[in-house]
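Structure first, commentary second.
Protein chains: 2
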Amino acid sequence: MEVCMGQPMADDLGFLLSRASGQVVRATNAALAEHGLRVRTYSVLVFACEAADGLNQRELAGFLGLDPSQVVLLVDELVAAGLVERQAAETDRRTRLVVPTAQGRRVREAAGEAADAAVEVPLGLLGDAERDRLRDMLTRIWTATG
Amino acid sequence: MEVCMGQPMADDLGFLLSRASGQVVRATNAALAEHGLRVRTYSVLVFACEAADGLNQRELAGFLGLDPSQVVLLVDELVAAGLVERQAAETDRRTRLVVPTAQGRRVREAAGEAADAAVEVPLGLLGDAERDRLRDMLTRIWTATG
DNA sequence: TATTGTTATACTCTATAACTATA
DNA sequence: TATAGTTATAGAGTATAACAATA
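As given, the protein sequences belong to chains G and L, one line each in that order.
For the first sequence, the tail end lands on 146 under my numbering, and the numbers increase by one without skipping.
For the second sequence, the tail end lands on 292 under my numbering, and the numbers increase by one without skipping.
Structural data, given as structure tokens:
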């Protein structure tokens with residue numbers, strides 16, 4: 001009779017990926033909570049801050065790897081918190097640019113520092129070179145054409 | 147006025163971790179669905195198959211990094227599918243050992259092969275040495291004492 | 001008194017379909 | 001007809017608290 005031949009579960013990359021991701025997301029969410037943010041809303045805020053000319057929600061969804069319908073809700077939250085505004089685009093009246101407010105930029109700064117500090121607990125055992133390698137590998141996994 | 151100074155979102159390890167994890171979990175779940183499993187139920191089944199003497203649900207929760215109350219529901223599913231059984235422990239009548247059935251071991255084999263194949267899409271760009279490095283780093287992240 | 005398994009509950013994340021207004 | 005935004009809904013994952021049986 002065939003007995004379990006596969007690799008041990010604790011060595012499975014999918015399993016490790018989801019566990020490690022959970023650790024980091026948990027730590028980050030705990031730090032962001034003091035600033036009224038979660039990982040997902042924070043991500044939207046940061047992308048909005050990075051884009052010089054503003055981003056519409058469709059572009060945001062693409063960068064975030066989320067469905068546009070989810071982005072609507074996340075932007076709603078940020079608007080309610082006064083951290084971003086929806087601005088009418090000049091060229092296309094369908095699109096709405098997501099632009100950070102002055103307060104949004106300030107909160108993004110403070111929240112970013114808190115998140116960076118919090119993530120040092122789960123990531124503390126990795127050196128800078130390792131983090132670069134990890135970043136590179138994760139980017140390739142994420143962008144692998146399915 | 148202070149402008150966004152933090153690292154770009156697309157380079158944030160937490161962000162990349164959750165996106166890459168999502169990719170792999172999605173691909174794995176799609177492959178496991180044909181066998182009536184998801185990543186979480188599959189993980190329980192594999193751990194149960196690996197333990198020679200059976201595992202109780204508390205031990206299972208520890209290995210999986212889940213709350214014991216979640217393990218109850220996952221084991222319920224596997225029992226309903228005929229893939230594992232809850233057996234009374236000899237030494238402690240509180241504990242219930244989770245033991246795979248013969249069918250459970252067969253399904254674990256087939257599902258494991260399907261999952262391994264499916265995960266090649268998101269992980270295909272990584273060589274064997276890189277996967278070893280990734281495994282090592284993710285393990286250290288997961289086990290970092292919070 | 002502490003621990004195992006269990007039930008219950010609520011919240012977040014994810015996935016999908018359908019609708020509106022513009023193009 | 002196609003696309004941007006929106007609404008709605010359902011399922012899966014996560015987090016807690018409380019309880020019964022047993023140690």
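Note that the Cβ used here is the ideal one computed from N, Cα and C, for glycine as well.
Quick caveat: nothing in here was measured; it's all calculated off a predicted structure.
Taking C-beta separations shorter than 7 Å and ignoring five residues to either side along the sequence, the partners of L/VAL245 in its chain run ALA194, GLY200, VAL230, GLU231 and GLN233, following chain order. Excluding its 5 nearest sequence neighbours in each direction, G/GLY104 has C-beta neighbours in its own chain below 8 Å: LEU45, ALA48, CYS49, LEU78, GLY82, LEU83 and VAL84, listed in chain order.
Look at G/GLN103 here: in three-state DSSP terms it is helix.
For G/ARG86, the secondary structure class from DSSP, reduced to helix, strand or coil, is strand.
Here L/ARG242 is bridged, per DSSP, to L/ALA234.
At a beta-carbon threshold of 7 Å, the residues of chain G lying near L/ASP157 are ARG135, ordered along the chain. Here DSSP, grouped into helix, strand and coil, assigns G/LEU45 to helix. Counting only the Cα atoms, G/THR101 lies some 44 Å from L/ALA177. DSSP lists G/VAL98 as the bridge partner or partners of G/LEU55. Residue environment for G/PRO122: buried (at least 16 other C-beta atoms within 10 angstroms of its C-beta).
The contact set of G/GLN23 on chain L, defined by CB atoms closer than 8 Å, consists of ILE287, TRP288, ALA290 and GLY292 in chain order. By the rule that beta-carbons nearer than 7 Å mark a contact, G/SER69 does not touch chain L. Relative to L/ARG254, the option among L/LEU210, L/LEU206 and L/GLY182 whose CA is nearest is L/GLY182.
Under the DSSP assignment, G/ALA30 falls in the alpha helix (DSSP H) whose first and last residues are 13-33. Ranked by how close their Cα comes to the Cα of G/SER21, the residues G/VAL39, G/GLN70 and G/THR95 have G/VAL39 in first place. The Cβ of G/ARG93 sits no closer than 7 Å to any Cβ of chain L.
Cβ-Cβ separation between G/TRP142 and L/ARG279: approximately 17 Å, too far for a contact (criterion under 8 Å). The C-beta separation of L/ASN202 from L/ARG242 comes to about 6 Å, placing the pair in contact by the 8 Å criterion. Remark: C-beta atoms of G/ALA129 and L/LEU271 do not approach each other more closely than 7 Å. By alpha-carbon distance to L/THR187, the top candidate from L/GLY273, L/ARG239, L/LEU220 and L/ASP213 is L/LEU220.
For L/ALA261, the CB contacts under 8 Å within the same chain, skipping 5 residues up- and downstream, are THR174, ALA177, LEU178 and TYR188 in chain order. Around the beta-carbon of L/ASP157, fewer than 16 other beta-carbon atoms lie within 10 Å, marking it exposed.
About 6 Å separates the beta carbon of L/LEU162 from that of G/ARG135, a gap short enough to meet the 8 Å contact definition. In this structure, DSSP gives L/ARG254 a helical state, which the three-state scheme calls helix. Residues of chain G with a Cβ closer than 8 Å to the Cβ of L/GLY182 do not exist, since the nearest Cβ in that chain sits about 17 Å away. The shortest C-alpha to C-alpha distance from G/PRO8 to any of L/MET155, L/GLN153, L/LEU210 and L/VAL171 is the one to L/LEU210. For L/PRO268, the enclosing alpha helix (DSSP H) covers residues 266-269.
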